[in-house]
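Residue numbers (the working numbering): 1 to 307.
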Ligand SMILES: [Cu+2]
């Protein structure tokens with residue numbers, strides 16, 4: 001009787017484990033698991049090829065964690081029920097069970113190794129730089145705005161590409177960074193004063209912008225047209241929170257026309273209008289700094305001679 005029962009139980013456990021694994025495999029191969037569970041908390045609105053690779057890595061990691069979790073929870077509940085106290089007799093002691101100890105040492109190492117392998121692959125891919133990107137844009141940050149310099153090529157042996165035209169943000173006008181879809185875009189970041197951080201949430205990527213000779217460089221390929229807000233993500237001073245810009249992703253043809261119009265002497269607003277785009281940023285608006293006599297120096301106190 002007891003022999004029969006002990007045979008039936010492992011079969012049930014095995015079937016349950018098989019069922020869970022099977023269900024997960026079907027979900028994984030058949031459709032995008034993340035879209036059913038809100039991306040397991042990961043933003044699903046990435047607009048670059050690189051952001052999709054990162055999203056896939058996250059979903060894979062969470063599914064792997066869930067499989068391990070379900071297995072461990074199963075073992076815990078099975079042990080609690082199967083080996084609950086039945087009398088005063090001391091149960092069989094299983095210390096120094098070498099196969100078991102070997103298993104629970106090697107299994108976590110294997111899990112971490114697999115996670116590390118895929119992380120390294122995706123990270124290398126996201127950080128990859130090509131020899132000849134189709135577009136190079138220099139991102140120049142300063143307190144408290146942005147200048148975008150469209151360049152004729154990437155940095156070569158420390159030489160910075162030549163700027164062919166620029167867009168400069170002001171307190172009144174949000175700078176719009178126009179970029180094409182379907183082309184490799186290289187960002188070269190530099191700051192005129194303190195450390196800022198270039199962040200467009202939809203790129204699922206941000207990089208600090210350093211002053212001096214350190215140029216942070218990365219590449220993306222955008223695959224969706226649209227307007228996306230950009231921000232400074234490094235506390236850089238009084239008006240840090242107002243350091244917004246807009247990324248406007250347009251088709252390759254429109255980008256070429258925009259650049260030609262800019263090079264012909266048009267302003268960014270005119271050039272945007274010439275390709276049928278909204279001339280002003282639509283995702284964010286200029287903030288009033290309210291920096292005037294009434295709040296900056298209400299008493300009208302003289303500055304003095306200094307010391
Ligand atoms: Cu900043």
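Glycine included, every Cβ here is placed at the ideal spot set by N, Cα and C. Values in this document were obtained by computation on a predicted structure and should not be read as measured data.
Check, Outcome
"Is residue 186 buried or exposed, if buried means 16 or more other CB atoms sit within 10 Å of its CB?", "buried"
"Under 6 Å: does the beta carbon of residue 242 sit that close to some heavy atom of ligand 1?", "no"
"Identify whether residue 30 lies in helix, strand or coil by the three-state DSSP scheme.", "Reliability of the predicted coordinates at residue 30 is poor, the pLDDT of 46 falling under 50, and the value obtained from them is presented with this limitation in mind. Helix at residue 30."
"Does the beta-carbon of residue 79, which I'm using as the reference point, lie nearer than 6 Å to any heavy atom of ligand 1?", "no"
"If you run the structure through DSSP and keep just helix, strand and coil, what is residue 199?", "strand"
"Given a cut-off of 7 Å, decide if residue 191 and residue 175 are closer than it, judged by their beta-carbon atoms.", "no"
"What residue range is occupied by the uninterrupted alpha helix (DSSP H) comprising residue 288?", "Run containing residue 288: none; DSSP gives neither H nor E here."
"Give me the Cα-Cα distance between residue 134 and residue 183, rounded to the nearest whole angstrom.", "6 Å"
"If you scan the region 99-174 from start to end, which runs of the alpha helix (DSSP H) of 4 or more residues do you find wholly inside it?", "none"
"Just confirm the distance between the C-beta atoms of residue 237 and residue 144, as a whole number of angstroms; I'd bet it's less than 8 Å.", "6 Å"
"Excluding the five sequence neighbours on either side, which residues of its own chain have a C-beta within less than 6 Å of the C-beta of residue 272, listed in chain order?", "279"
"Since residue 216 sits in a beta bridge, which residues does DSSP pair it with?", "189"
"Can you check whether the CB of residue 209 is closer than 7 Å to the CB of residue 188?", "no"
"Are the CB atoms of residue 142 and residue 193 within a distance shorter than 7 Å?", "yes"
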